Amino acid sequence: MTVAELAEHLRASSRIAAFTGAGVSTESGIPDFRSPGGVWTRYDPRDFTFDRYISSAEVRHNSWKMREEFMAAMPQPNRAHRVLADLEAEGRLLGVITQNIDGLHQDAGSRNVIEIHGNVREVQCIGLFPKHGIPDGCGFTAHHDWAMERIAGGDADPDCPSCGGYVKTATVSFGQAMPEGPMEQASLLAEECDLLLAIGSSLEVFPAAGIPLDAKAAGARVVIINRDPTDLDAFVDLVINGEAGTVLTEAVRAANTTSTD
Ligand SMILES: [Zn+2]
-4 MTVAELAEHL RASSRIAAFT GAGVSTESGI PDFRSPGGVW TRYDPRDFTF DRYISSAEVR
56 HNSWKMREEF MAAMPQPNRA HRVLADLEAE GRLLGVITQN IDGLHQDAGS RNVIEIHGNV
116 REVQCIGLFP KHGIPDGCGF TAHHDWAMER IAGGDADPDC PSCGGYVKTA TVSFGQAMPE
176 GPMEQASLLA EECDLLLAIG SSLEVFPAAG IPLDAKAAGA RVVIINRDPT DLDAFVDLVI
236 NGEAGTVLTE AVRAANTTST D
């Protein structure tokens, strides 16, 4: 009864943190980038490295097309997002660290969301000569719609209106350095929590995948909820293979109805 075990962990914890990946959003209709039908089966991931973005107008244009397709689907938060938002509202969950760029945790009502791979709803200036995968912009940021309006108006490759630098979605591309601020916040949250739920992540992409291990090293219990086994399964307290929404909903219901006598 692994869901019952998770319910016990939830009841015993007052400082929960969540670490989420693509599997949290699949119920919202956002396919895992690596799954059949996922974004990377229709676009070539080798095209979307940070360095290629800077060097090729065609890559930038294809990148905007991919973002437009993503936003047009208008994904909505699902019950996995809502369970986590409810736990935070009840004062039991400290925050969510997410690898996702879709903003659905915030849409569900989560307030403390640490986006370690950025987000798709903002664009930012990355400058004209960023080196070593580190954006070097002037500070210009805008909503995604800013770029879409310019592209609709005939500018296939919109520049920064302040400095003329390249503008890019505020996500972390392949070959781009992880943003220091969010990674530091994520590490602090991992050290602060007493239970870390790693949900819907294959835990393959480091350094992000090291966050659950940081929590474990700092004394938290760690539970992995994922459709498939992960390489970190042997190092954590509990592994549940299943869909995030189903597992979380059942576990929270069980935790709230179990007698506390
Ligand atoms: Zn600029």
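Here the numbering used here is used: position 81 in the sequence shown is 76, and no number is missing along the way. Heads up, the beta-carbon is just placed ideally off N, CA and C, and yes, glycines get one too. Please read all numbers here as calculations on a predicted model, not as lab measurements.
Checklist entry - Is there at least one non-hydrogen atom of ligand 1 closer than 6 Å to the beta-carbon of C158? => result Within the sequence shown, the letter at position 163 stands for residue 158. True, at least one ligand heavy atom lies under 6 Å from that Cβ.
Item to check | Residue-chain proximity (T252, chain C), Cβ-Cβ < 7 Å | outcome: Of the protein chains in this structure there is only one, and it is not chain C.
Next on the checklist: Please list the terminal residues of the continuous beta strand (DSSP E) segment that includes L88.
Outcome noted: Within the sequence shown, the letter at position 93 stands for residue 88. Taken as a continuous stretch (DSSP letters only), the beta strand (DSSP E) holding L88 covers L88 to T93.
Next on the checklist: Could you check whether the Cβ of F135 sits closer than 6 Å to any heavy atom belonging to ligand 1?
Outcome noted: On the sequence shown, position 140 is the one that residue 135 refers to. F135 Cβ: within cutoff of ligand 1.
Item to check | Whole-Å CB distance - S168 paired with T15, under 8 Å assumed | outcome: Taking the sequence shown and counting its residues from 1, one reaches residue 168 at position 173. Taking the sequence shown and counting its residues from 1, one reaches residue 15 at position 20. S168 to T15, Cβ: 20 Å. No contact.
Next on the checklist: At a cut-off of 6 Å, would you count G132 as near ligand 1, judging by its Cβ distance to the nearest heavy atom?
Outcome noted: In the sequence shown, the residue the question calls residue 132 occupies position 137. Yes, the beta carbon of G132 sits closer than 6 Å to at least one heavy atom of ligand 1.
Item to check | Touching by the beta-carbon criterion (3+ pairs, under 8 Å), the segment 109 to 116 and the segment 170 to 184 | outcome: yes
Next on the checklist: Can you list, in chain order, the residues of its chain with a C-beta nearer than 7 Å to that of A151? Leave out the 5 residues immediately preceding and following it.
Outcome noted: Here residue 151 refers to the residue found at position 156 of the sequence shown. Result list for A151: H56, in chain order.
Checklist entry - Roughly how many whole angstroms lie between the Cα atoms of N145 and A103? => result Position 150 of the sequence shown, counted from the start, is the residue given in the question as residue 145. Position 108 of the sequence shown, counted from the start, is the residue given in the question as residue 103. Checking the sequence shown, residue 145 turns out to be Arg, not Asn. When rounded, the distance between both Cα atoms is 30 Å.
Checklist entry - Taking the C-alpha atoms as reference points, what is the distance between W59 and C155? => result Reading the sequence shown from its first residue, position 64 is the one you call residue 59. Reading the sequence shown from its first residue, position 160 is the one you call residue 155. Cα-Cα distance, rounded: 15 Å.
Checklist entry - Can you give the Cα-Cα distance for E245 and Q71, rounded to whole angstroms? => result What you label residue 245 is simply residue 250 of the sequence shown in a count that begins at 1. What you label residue 71 is simply residue 76 of the sequence shown in a count that begins at 1. Approximately 21 Å, taken between the alpha carbons.
Item to check | N-terminal and C-terminal residue of the alpha helix (DSSP H) that K211 is part of | outcome: Indexing the sequence shown from 1 puts residue 211 at position 216. Note, K211: alpha helix (DSSP H), G205 to A212.
Next on the checklist: Give the list of continuous beta strand (DSSP E) stretches no shorter than 3 residues that lie fully inside the segment 77 to 127.
Outcome noted: 88 to 93, 108 to 110 and 113 to 122
Checklist entry - Across which residues does DSSP place A12 in a beta bridge pair? => result On the sequence shown, residue 12 is found 17 positions in, with the first residue counted as 1. Looking at the DSSP assignment, A12 forms a beta bridge with G90 and L191.
Item to check | P73 - DSSP class collapsed to helix/strand/coil | outcome: Against the sequence shown, residue 73 aligns to sequence position 78. Residue identity check: residue 73 is Asn in the sequence provided, not Pro. The answer is coil: DSSP assigns N73 none of H, G, I, E or B.
Checklist entry - Near C133, which residues of its chain fall below 6 Å by C-beta distance, leaving aside the five closest residues on each side in sequence? => result For this step, residue 133 is matched to residue 138 along the sequence shown. Closer than 6 Å at the Cβ level, and outside the excluded window around C133, lie C120, S157 and C158.
Next on the checklist: Looking at the strands, I want to know which residues DSSP matches up with F169.
Outcome noted: Indexing the sequence shown from 1 puts residue 169 at position 174. Bridge partners of F169: T44.
Item to check | Member of P125, A84, R47 and A142 whose CA lies at the smallest distance from the CA of E63 | outcome: Residue mapping note: residue 63 aligns to position 68 of the sequence shown, counting from 1. Out of P125, A84, R47 and A142, A142 has the C-alpha closest to the C-alpha of E63.
Checklist entry - At which residues does the alpha helix (DSSP H) containing L5 begin and terminate? => result As a working mapping, residue 5 is identified with position 10 in the sequence shown. Start and end: T(-3) to A7.
Checklist entry - Can you check whether the CB of E0 is closer than 7 Å to the CB of L233? => result Position 238 of the sequence shown, counted from the start, is the residue given in the question as residue 233. Position 5 of the sequence shown, counted from the start, is the residue given in the question as residue 0. It is a contact, given that the beta carbons lie within the stated cut-off.
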